[in-house]
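Heads up: the structure comes next, in structure tokens.
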Amino acid sequence: MSAPASRPSRTAEPVPQGRPVASAADGPAPESPAPAPAGRMARVRATLLAYLGLTKTRIIEQLLVVTVPAMFLAQRGIPSLWLIAATLVGGAMAAAAAHALNCVVDADIDKKMKRTARRPLAAGQVPTRNALIFGLVLAAASSVWLGFTTNWLAAALSLAAIAFYVLVYTLVLKRRTAQNIVWGGAAGCMPVVIGWAAVTGTVEWPALVMFGVIFFWTPPHFWALAMRYREDYAAAGVPMLPVVAPAPAVSVRIVVYSWVMVAWSLLLLPVTSWVYLGTALLGGAYFVYRAHRLHADVRAGGEVSPMPLFHLSNIYLCVLFAAIAVDAALGLPVLF
Numbered sequence: 000m001s002a003p004a005s006r007p008s009r010t011a012e013p014v015p016q017g018r019p020v021a022s023a024a025d026g027p028a029p030e031s032p033a034p035a036p037a038g039r040m041a042r043v044r045a046t047l048l049a050y051l052g053l054t055k056t057r058i059i060e061q062l063l064v065v066t067v068p069a070m071f072l073a074q075r076g077i078p079s080l081w082l083i084a085a086t087l088v089g090g091a092m093a094a095a096a097a098h099a100l101n102c103v104v105d106a107d108i109d110k111k112m113k114r115t116a117r118r119p120l121a122a123g124q125v126p127t128r129n130a131l132i133f134g135l136v137l138a139a140a141s142s143v144w145l146g147f148t149t150n151w152l153a154a155a156l157s158l159a160a161i162a163f164y165v166l167v168y169t170l171v172l173k174r175r176t177a178q179n180i181v182w183g184g185a186a187g188c189m190p191v192v193i194g195w196a197a198v199t200g201t202v203e204w205p206a207l208v209m210f211g212v213i214f215f216w217t218p219p220h221f222w223a224l225a226m227r228y229r230e231d232y233a234a235a236g237v238p239m240l241p242v243v244a245p246a247p248a249v250s251v252r253i254v255v256y257s258w259v260m261v262a263w264s265l266l267l268l269p270v271t272s273w274v275y276l277g278t279a280l281l282g283g284a285y286f287v288y289r290a291h292r293l294h295a296d297v298r299a300g301g302e303v304s305p306m307p308l309f310h311l312s313n314i315y316l317c318v319l320f321a322a323i324a325v326d327a328a329l330g331l332p333v334l335f
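In terms of numbering that gives the first Met the number 0, the sequence shown opens at residue 0 and continues consecutively.
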């Protein structure tokens, strides 16, 4: 009987040069290290930026700009750097809390407006529940921080400002009346009062005058912006004044509030010197002039650009309060 024919051997696959051939004696081949998740850091960064976006940092910067001069005026000099830092940290947390909670309430209308459609909640970057918890935790933390590092009057005023902004302005006024920004803007005036209270433990009349300056500044500032984004607010069903009133009615109100703001700012003269007086007169005169220019353009019926007044309003407020700080820091004799 003949032996069975042997099977043909398979041709060995070529081995790439420089690569060793593993054999059974070598044991199991070592696993190559898992590549670092390239997208993990990007996701963490995106999440942090989304939560930061809830706080509206640009507005916080403006609020803090007016806090420090109020503290200087209350001290009639330069307060301790620790007190300034503690007040700014607490104020920033309080403002961030108010803005985050505002984003939770306004997520539905933010989606309808081009200007706000990219906000974290409107864009679906942060779950609503998480944003709500984030805002509430910040509100509590800011009050506790201010209470222990400054005083409990400043902490109570901070908590009241958050409650007013969220419960009164956002939930009640914003969607129901064209006067929303007039009365709702009172929350944005509170940083000067909080700063004064942090230094003195009281609320005195100069703090209320500074409160009034920001109160009368808010309508010209915000109505100029609302004129630019009128279609956005109309699409969202928010009755901002430029949505429900003709443009001449809006611009004339901007003029009136501008005059009142400048006149009110002069009430600080008994506690300031010529530095503040010159700034208030020159800056106020130019602001009123630009408000009248806007009104004249509206009445002429041509193309109207309200944004220059909006940007000017930011500069005006910063310069005016910087003059308060410089005046107090220099310790110059008051006028009266």
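Quick reminder that beta carbons are idealized off the backbone N, C-alpha and C, glycines included. In this text the structure is predicted, and so the values were computed from the model without any measurement.
Whole-angstrom distance between residue j and residue i, CA atom to CA atom
i: Val274; j: Arg128; result: 49 angstroms
i: Val243; j: Thr278; result: 35 angstroms
i: Thr86; j: Ala299; result: 47 angstroms
i: Leu135; j: Gly301; result: 47 angstroms
i: Met239; j: Pro269; result: 37 angstroms
i: His220; j: Ala94; result: 19 angstroms
i: Pro205; j: Leu308; result: 27 angstroms
i: Ser141; j: Pro78; result: 20 angstroms
i: Ser157; j: Pro190; result: 8 angstroms
i: Ala73; j: Val303; result: 41 angstroms
i: Val318; j: His291; result: 21 angstroms
i: Arg227; j: Met306; result: 7 angstroms
i: Ser31; j: Phe147; result: With a pLDDT of 45 at Ser31, under the threshold of 50, the predicted position of this residue should be treated as unreliable, though the coordinate-derived value follows. Going from the Cα of Ser31 to the Cα of Phe147 covers about 53 angstroms.
i: Asn150; j: Ala233; result: 43 angstroms
i: Asp296; j: Val208; result: 32 angstroms
i: Ala116; j: Met92; result: 24 angstroms
i: Pro245; j: Lys173; result: 19 angstroms
i: Asn101; j: Glu230; result: 21 angstroms
i: Ala106; j: Met40; result: 27 angstroms
i: Pro201; j: Arg44; result: At residue 201 the sequence reads Thr, which differs from the Pro that was named. Near 42 angstroms, if we compare the C-alpha coordinates of Arg44 and Thr201.
i: Ala159; j: Leu331; result: 34 angstroms
i: Leu316; j: Val261; result: 11 angstroms
i: Gly123; j: Arg42; result: 14 angstroms
i: Leu266; j: Ala327; result: 16 angstroms
i: Glu203; j: Val143; result: 23 angstroms
i: Pro34; j: Leu47; result: For Pro34, the predicted structure reports a pLDDT of 49, less than 50, and the residue's modelled location is therefore unreliable. The matter cannot be settled from this model.
i: Ser22; j: Ala121; result: For Ser22, the predicted structure reports a pLDDT of 42, less than 50, and the residue's modelled location is therefore unreliable. The matter cannot be settled from this model.
i: Val325; j: Ile108; result: 41 angstroms
i: Ala177; j: Val171; result: 12 angstroms
i: Val88; j: Leu276; result: 31 angstroms
i: Thr54; j: Trp81; result: 24 angstroms
i: Asp25; j: Thr56; result: Here the model assigns Asp25 a pLDDT of 43, short of 50, so the residue's position is not dependable, and the following value carries that caveat. Approximately 60 angstroms, taken between the alpha carbons.
Within 8 angstroms, strictly: CB atoms of residue i and residue j
i: Lys111; j: Ala235; result: yes
i: Ile323; j: Thr271; result: yes
i: Phe320; j: Val65; result: yes
i: Ala153; j: Leu145; result: yes
i: Val104; j: Thr169; result: yes
i: Val165; j: Ala97; result: yes
i: Ala162; j: Ala130; result: no
i: Pro241; j: Trp222; result: yes
i: Trp263; j: Val333; result: no
Member of the options whose CA lies at the smallest distance from the CA of residue i
i: Trp394; options: Gly38, Val43 and Leu63; result: With the chain covering only 0 through 335, there is no way to say anything about residue 394.
i: Trp395; options: Trp182, Thr199, Leu100 and Phe147; result: Given that the chain is displayed from residue 0 to residue 335, the structure contains no residue 395 and the question cannot be resolved.
i: Ala155; options: Asn179, Gly90, Leu329 and Thr56; result: Gly90
i: Val198; options: Val67, Met209, Leu331 and Leu47; result: Val67
i: Leu329; options: Ala41, Gly76, Arg117 and Val208; result: Gly76
i: Arg175; options: Leu48, Val208, Val237 and Val333; result: Val237
i: His310; options: Ala225, Val249, Val143 and Tyr50; result: Ala225
i: Arg252; options: Glu60, Ile180, Arg42 and Leu47; result: Ile180
i: Gln61; options: Ala41, Val261, Thr201 and Cys188; result: Cys188
i: Phe133; options: Ala49, Ala121, Met40 and Leu265; result: Ala49
i: Ser312; options: Pro218, Val325 and Leu267; result: Pro218
i: Val192; options: Gln178, Phe210 and Trp81; result: Phe210
Assumed close pair residue i, residue j - CB separation to whole angstroms, cut-off 8 angstroms
i: Gly52; j: Pro119; result: 5 angstroms
i: Ala185; j: Phe214; result: 6 angstroms
i: Met70; j: Ile58; result: Actually they are not in contact, since the Cβ atoms of Met70 and Ile58 sit about 19 angstroms apart, beyond 8 angstroms.
i: Ser351; j: Leu293; result: Because the chain in this structure spans residues 0 to 335, residue 351 falls outside the shown range and cannot be described.
Are the stretch 252 to 260 and the stretch 282 to 290 touching by the rule of at least three beta carbon pairs closer than 8 angstroms? yes
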